[in-house]
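> One structure coming up, written as structure tokens, with questions to follow.
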Amino acid sequence: MKPSRVSVLIAGAGPSGLTLAIELARRGVDCRIVDRAAAPFPGSRGKGLQPRTLEVFEDLGVLDAVLAGGAPFPAFRMYSGTTVLWERGLAEMLGTELPRRAPDVPHPLPWLIPQWRTDAILRDRLEQLGGRVERPTELVEFSQDDDGVVATLRHHHGETERVRADFLVGTDGGRSFVRKHAGVGFAGTTQESERTLIGDVRADGVEGVYCHMFTGGDLAKRFSLWNLPASDHYQFVAAVDQGDEPELSLATVQRMLDERSGRTDIRLHDLRWISLYRINVRLAERFRIGRVFLAGDAAHVHSSAGGQGLNTSVQDAYNLGWKLAAVLRGAPEALLDSYHDERFPVAAEVLDVSTDLHRRGFRATTAPPGSAPAIHQLDITYRGSALAVNDRAEPGSPRAGDRAPDAPLHTASGGRTRLFEVFAGPRWTALSFGAAPAPDLGPDVTAFSVAARGGDLVDTDGHAARAYAVPEGTCVLVRPDGYLGLVTTEIGRVRDYLRRVGL
Numbered sequence: 001m002k003p004s005r006v007s008v009l010i011a012g013a014g015p016s017g018l019t020l021a022i023e024l025a026r027r028g029v030d031c032r033i034v035d036r037a038a039a040p041f042p043g044s045r046g047k048g049l050q051p052r053t054l055e056v057f058e059d060l061g062v063l064d065a066v067l068a069g070g071a072p073f074p075a076f077r078m079y080s081g082t083t084v085l086w087e088r089g090l091a092e093m094l095g096t097e098l099p100r101r102a103p104d105v106p107h108p109l110p111w112l113i114p115q116w117r118t119d120a121i122l123r124d125r126l127e128q129l130g131g132r133v134e135r136p137t138e139l140v141e142f143s144q145d146d147d148g149v150v151a152t153l154r155h156h157h158g159e160t161e162r163v164r165a166d167f168l169v170g171t172d173g174g175r176s177f178v179r180k181h182a183g184v185g186f187a188g189t190t191q192e193s194e195r196t197l198i199g200d201v202r203a204d205g206v207e208g209v210y211c212h213m214f215t216g217g218d219l220a221k222r223f224s225l226w227n228l229p230a231s232d233h234y235q236f237v238a239a240v241d242q243g244d245e246p247e248l249s250l251a252t253v254q255r256m257l258d259e260r261s262g263r264t265d266i267r268l269h270d271l272r273w274i275s276l277y278r279i280n281v282r283l284a285e286r287f288r289i290g291r292v293f294l295a296g297d298a299a300h301v302h303s304s305a306g307g308q309g310l311n312t313s314v315q316d317a318y319n320l321g322w323k324l325a326a327v328l329r330g331a332p333e334a335l336l337d338s339y340h341d342e343r344f345p346v347a348a349e350v351l352d353v354s355t356d357l358h359r360r361g362f363r364a365t366t367a368p369p370g371s372a373p374a375i376h377q378l379d380i381t382y383r384g385s386a387l388a389v390n391d392r393a394e395p396g397s398p399r400a401g402d403r404a405p406d407a408p409l410h411t412a413s414g415g416r417t418r419l420f421e422v423f424a425g426p427r428w429t430a431l432s433f434g435a436a437p438a439p440d441l442g443p444d445v446t447a448f449s450v451a452a453r454g455g456d457l458v459d460t461d462g463h464a465a466r467a468y469a470v471p472e473g474t475c476v477l478v479r480p481d482g483y484l485g486l487v488t489t490e491i492g493r494v495r496d497y498l499r500r501v502g503l
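Each step along the sequence shown adds one to the number in UniProt numbering, with nothing skipped, and position 408 is 408.
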């Protein structure tokens, strides 16, 4: 029997796979997303969304639901018995000031939302776009040639299906079948001596919206209870003693809390999910193997310190999605090489940042200087990428490869707008600074003039001028993923760049 056909097959329906499926669906790309699990992941695990991820979610059309389903990070309280030893905000725990809302940064603070709810929001958005997760459906075999990938899927009742796809993307987690079957190394370490119990449970006897922390006088035996927004469950995080092999049960969690809090008034019940977490710090050798790609935990795993994992996974998919769609529409296949070239260094840096934060234990006095920007992921840059072409060298101002800043503006008719609203959707955007008419760059690029007076976008308060710091006559080309592709004063350079990326 001839295999069924699809443009992109995605294995794994976590945040990375769902983000990629949404990216492809809104571009009209035929894709399938499969997951071996019979039901969605039920836990709160990756509960922290960083500012850059909130910007991505705004573009994907899910930000309102994410904000409604979450809350700002609570303060941290450390106890000795029932006595509060200290209370600190997130900034103090990180040892840095958190950014404030500014014209160029609309979502400056991390957002707390349980992962199961984030996943559900992404699934709903995918369904709005006409897609769905196929489960339980497992990828059990694949091979590739110059033209695509032939994969074998095993469905619920054991029946198999052969699928031919132009591309296969493995977003199937740290134990990725796609990565292993493709023969990609996963270099790094597993720290067996540092293990943590994590899960979701209801708790009686805990008051206030905090991250409640108990140690029994030993920081190595931390036990935390996190309030989860709009939920009657808490996430617990408990360090496991070296050599201990705890039973994954409610009784085990209750015993650890009793011992470390010195209290008997906090009673746990309704264990929703539990896992024994080992710190793995590993990075795939390659993120692209011909027509096969790795994203999310399939490509990189690390300590949970700093809340980087889910966020990095989402941004892998956000980087890859528009490139796959472009190549399927006729762009040069070499465009796909930029996925590894751009995301591999970012993942490597995330491993370093999270490992450093874990080692320091989030102690306010020892948090690394400048750690907050790296944690928030607003300063991720693709400078040096083949897609970053820069004709400027002014220090301290955005350059090609950097995140495109937001700015409030007015339309020519007087309505209010923002650059992020202008950038929204699956397209390229050109900003031509100055009152001269914006150039016609073809149907795939939306071009605007930006000026204090007389532009398509009116920079009434000068926010765009300050954020971009470019002279009049400069054209800034913004990629579909919100990064600067080109900054130049020569329109010919813009047209050359667009031809190179297939536009």
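Each residue gets a CB set at the ideal place from its N, CA and C atoms; glycine is no exception. Small disclaimer: the values here were computed from a predicted structure and weren't measured.
For S4, tell me which candidate among L126, L98, A165, V84 has the shortest Cα-Cα distance.
Ranking the options by Cα distance to S4, first place goes to A165.
> Ends of the alpha helix (DSSP H) at F420?
F420 -> alpha helix (DSSP H) spans 419 to 423.
> Where DSSP assigns a beta bridge to H376, which residues make up the other side?
None, per the DSSP bridge assignment.
> Thinking C-alpha only, which one of L219, P15, T488 is nearest N390?
For N390, the nearest C-alpha among the options comes from T488.
> Quick test of the definition: if touching needs 3 or more C-beta pairs under 8 Å, does the region 43 to 54 touch the region 336 to 352?
The region 43 to 54 is not in contact with the region 336 to 352.
> Could you give the DSSP three-state label for P72: helix, strand or coil?
If DSSP states are grouped into helix, strand and coil, P72 belongs with the strands.
> Between the C-alpha atoms of T82 and L109, what's the straight-line distance to the nearest angstrom?
Cα to Cα, T82 sits roughly 30 Å from L109.
> From R493 to A438, what does the alpha carbon distance come to, in whole angstroms?
Spanning the two alpha carbons is a distance of roughly 15 Å.
> Determine whether the beta carbon atoms of G309 and L20 lie at a separation below 7 Å.
No, the Cβ-Cβ distance between G309 and L20 is not below 7 Å.
> How many angstroms separate the CA atom of G243 from the CA atom of K221?
Spanning the two alpha carbons is a distance of roughly 13 Å.
> Between the region 425 to 437 and the region 470 to 490, can you find at least three pairs of beta-carbon atoms closer than 8 Å?
Yes, the region 470 to 490 is in contact with the region 425 to 437.
> Would you kindly work out how many angstroms separate the C-alpha atoms of R135 and H181, rounded to a whole number?
Approximately 21 Å between the Cα atoms of the pair.
> DSSP puts I279 in a beta bridge; with which residues?
Q191.
> Taking one C-beta from the region 33 to 48 and one from the region 321 to 339 each time, how about it: are there three or more such pairs within less than 8 Å?
Judged by Cβ distances under 8 Å, the region 33 to 48 makes no contact with the region 321 to 339, as fewer than three pairs qualify.
> Which class does Y382 belong to by DSSP, given the choice of helix, strand or coil?
Coil at Y382, not helix or strand.
> P426: buried (16+ other C-beta within 10 angstroms of its C-beta) or exposed?
Buried, since its Cβ has 16 or more Cβ neighbours within 10 Å.
> Ends of the beta strand (DSSP E) at M93?
Looking at the DSSP string, M93 is not in any beta strand (DSSP E); the run it does join, the alpha helix (DSSP H), is 90 to 94.
> Using the Cα positions of M213 and D232, report the straight-line distance between them to the nearest angstrom.
Looking at the two C-alpha atoms, the distance is approximately 18 Å.
> Expressed to the nearest angstrom, what Euclidean distance is found between the alpha-carbon atoms of D200 and D270?
If I take the Cα positions, the gap works out to 8 Å.
> Would you check if the region 10 to 25 and the region 313 to 327 touch, i.e. whether three or more CB-CB distances between them fall below 8 Å?
The region 313 to 327, when compared against the region 10 to 25, does touch it at the 8 Å Cβ threshold.
> Looking only at its chain, what residues have a beta carbon closer than 6 Å to the beta carbon of R479, apart from the 5 residues adjacent to it on each side?
If we look at R479 and ignore the five residues flanking it on each side, its Cβ neighbours are G485.
> Using the three-state DSSP reduction, which class does E138 fall into: helix, strand or coil?
Of the three classes helix, strand and coil, the one that applies to E138 here is strand, per DSSP.
> Which residue marks the beginning of the beta strand (DSSP E) containing Q50, and which one marks its end?
Per DSSP, Q50 belongs to no beta strand (DSSP E) and is neither H nor E.
> Residues in the same chain with beta-carbon distance under 6 Å from V450, minus the five sequence neighbours each way, listed in chain order, please.
Once the five neighbours on either side are set aside, the close Cβ partners of V450 are L431, F433, L457, D459, A464.
> Name the one or two DSSP bridge partners that N227 has.
In DSSP, N227 forms a bridge with Y234.
> Measuring alpha carbon to alpha carbon, tell me which of V501, L441, G415, A407 ends up nearest D461.
Answer by Cα proximity: A407.
> Tell me the rounded alpha-carbon separation between T152 and R263.
Looking at the two C-alpha atoms, the distance is approximately 54 Å.
> L112 and F57 - do their beta-carbons sit closer together than 7 Å?
Going by C-beta atoms, F57 is not nearer than 7 Å to L112.
> Curious, which full-length beta strand (DSSP E) runs of at least 3 residues does the region 454 to 492 contain?
For the region 454 to 492, whole beta strand (DSSP E) runs of length 3 or above, ordered along the chain, are 475 to 478, 484 to 488.
> Tell me F186's beta-bridge partners as DSSP assigns them.
For F186, which the question treats as bridged, DSSP gives the partners A284.
> Kindly indicate which three-state DSSP category T19 falls into: helix, strand or coil?
The answer is helix: DSSP assigns T19 an H, G or I state.
> So does the region 172 to 190 actually touch the region 245 to 252, counting three or more Cβ pairs closer than 8 Å?
Verdict: no, contact absent.
> Buried or exposed for V6, going by 16 or more other Cβ atoms inside 10 Å?
Result: buried.
> Hey, V301 and R282: beta-carbon distance below 7 Å or not?
Taking 7 Å as the Cβ cut-off, V301 and R282 qualify as a contacting pair.
> Could you work out which residue in G502, L294, L225 is closest to Y339 when comparing CA atoms only?
Here the closest residue by C-alpha is L294.
> Report the CB separation of L268 from L257 in whole angstroms; it is logged as a contact under 8 Å.
At roughly 7 Å, the Cβ-Cβ gap stays under 8 Å, so L268 and L257 are in contact.
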